[in-house]
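The listed protein sequences correspond, in order, to chains A and B.
Straight run, no breaks: the first sequence in this note's numbering ends on number 157.
Straight run, no breaks: the second sequence in this note's numbering ends on number 287.
Even glycine gets a Cβ: it sits at the ideal position worked out from N, Cα and C.
Working notes for the structure below.
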Amino acid sequence: MRNTWNWDPLQEMEDIYRDFHRTFGRLGAPRWTWPFARTSFLPGRAARAYPLLNMHEDADALHIEALAPGVDPDSLKVNIVGDQISIAGEKRDLGDKVKPEEYHRNERAVGSFVRTVALPIAIQPDKVEARYENGLLTVKLPKAEEARPKQISVKVG
Amino acid sequence: MAETTIPTKVEEKQQTPATREESRYLVPPVDIYENKGSLNVVADLPGVGKNNVTIRVNNNVLTIQGKARHGVPGEEIHDEFQLLDFYRQFQLDETVNQEKIEAEMKNGVLTVHLPKAERTKPREIKVQVR
């Protein structure tokens, strides 16, 4: 939220930059993963850049959705520290049952990952719920009381 | 096992606008490995449920198709990924027993087991040393 009586041209430029990247979609994902940046999960290439996240907001909560197919559910860890959320886990390879010489193709990246992002608003850390389904992790973060919208009634005098 | 792109069949082309989006699809990354008994394909299909994946073998072409569903409620404030439907084809040779193909879906990862036909299983030849 910006103070209109304290206009900062540099902040304005950063906002334009963010809007541009949101529209053309490279925010967050590292450049060298192009053209897979919008759909890939490559923890082996850049452990701190994955998983890719979508963030939504409604009146009561923030909703985060993370793209993480094939992750061992027991290894998934969601932590809230202050105003940051960190998502960690590990995607394992097929293990010992497949010998290296048996592969025809090996395109799926594997490895551990941890990603930390700042939350835009205050939330209630003890009421966060996380769920892993079909390779997508969704986290619901209920807003703190002070971050909820409050309607102010306008008195007509 | 070669990857292939088969021309879309005519009857599929004539379908109504609901399927027109199919021209935009994602190619899922796969692992393929072969052991004594079978060929195995492992594909990452995030957002695809057990009931939204289709596996077909037609004219020795294996087709994997998945409808990805994702989304959380509310208004978007930050957006990094977008899932479309998945589509990929592989050319099989004669060695696969097409009757016994099995598939499973777990945590957004599809595993397809393609058992080899009996006659193509490797027969070990003893090397005699003189």
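| field | Contact check, B:V253 vs A:R105, beta carbons under 8 Å | value | Note that the C-beta distance between B:V253 and A:R105 is not below 8 Å.
| said: Using C-beta distances below 6 Å, list every residue in its chain close to B:L196, excluding the 5 sequence neighbours before and after it, in chain order. | reply: Cβ neighbours of B:L196 beyond the five flanking positions: L271.
| said: What does the alpha-carbon distance come out to for the pair A:P73 and A:E129? | reply: Those two C-alpha atoms are separated by around 15 Å.
| How would you call A:G70, buried or exposed, if buried means at least 16 neighbouring beta carbons within 10 angstroms? | Result: buried.
| task | Taking all protein chains shown into account, decide if A:I61 is buried (16 or more other Cβ within 10 angstroms of its Cβ) or exposed. | result | The question names Ile, yet the displayed sequence has Ala at residue 61 of chain A. Counting every other CB atom within 10 Å of its CB across the protein chains shown gives A:A61 a total of 16 or more, marking it as buried.
| DSSP three-state assignment for B:E178, whether helix, strand or coil | Note that B:E178 scores 48 on pLDDT, short of 50, meaning its location in the model is unreliable and no value can be drawn from it.
| query | Between B:T211 and B:L183, what straight-line distance do the alpha-carbon atoms span, to the nearest angstrom? | reply | Straight-line Cα distance between these residues: approximately 15 Å.
| said: Is B:H227 close to chain A? Criterion is C-beta to C-beta, closer than 8 Å. | reply: Chain A, which has a Cβ nearer than 8 Å to the Cβ of B:H227, makes this yes.
| said: Our contact map puts A:P51 next to A:I87 with C-beta atoms below 8 Å; I'd like the distance itself, whole angstroms only. | reply: Cβ-Cβ separation between A:P51 and A:I87: approximately 6 Å, consistent with a contact (criterion under 8 Å).
| query | List, in order along the chain, the chain A residues whose C-beta lies closer than 9 Å to that of B:D188? | reply | D93, L94, V98, Y103, H104, R105, N106, E107 and R108, listed in chain order.
| field | Amino acids of chain B, ordered along the chain, whose beta-carbon sits closer than 8 Å to that of A:G44 | value | Here the premise fails: no neighbours, minimum Cβ distance about 11 Å.
| message | My output table needs one value for A:S86: the three-state DSSP class, helix, strand or coil. | response | When DSSP states are grouped into helix, strand and coil, A:S86 belongs to the strand group.
| query | Skipping 5 residues on each side, what residues in its chain have a beta carbon closer than 8 Å to that of B:G265? | reply | Non-local beta-carbon contacts of B:G265 in its own chain, meaning distances under 8 Å to residues more than five positions away in sequence, involve D201, L202, P203, G204 and V205 in chain order.
| How about B:D250 and B:N216: are their beta carbons less than 8 Å apart? | Taking the C-beta atoms as reference points, B:N216 is found no nearer than 8 Å to B:D250.
| task | Specify, as a first and last residue, the run of the beta strand (DSSP E) that B:H227 falls within. | result | Where B:H227 is concerned, there is no enclosing beta strand (DSSP E), because DSSP gives it neither an H nor an E.
| task | Pull up the DSSP beta-bridge partners for A:S112, would you. | result | Its beta-bridge partners are A:E90.
| message | Run through chain B and tell me which residues come within less than 9 Å of A:P120, C-beta to C-beta. | response | Residues of chain B passing the Cβ test: I234 and H235.
| said: So, at 7 Å on beta carbons, what are the nonlocal neighbours of B:Y190 in its own chain, with the 5 sequence-adjacent residues on each side left out? | reply: Taken in chain order, the residues that qualify are N197.
| query | Is B:K257 helix, strand or coil by DSSP? | reply | Correct three-state label for B:K257: helix.
| query | By the criterion of Cβ-Cβ separation under 9 Å, what are the contact partners of B:P203 in chain A? | reply | Simply T39, F41, L67, A68, P69, G70, N134, G135 and L136.
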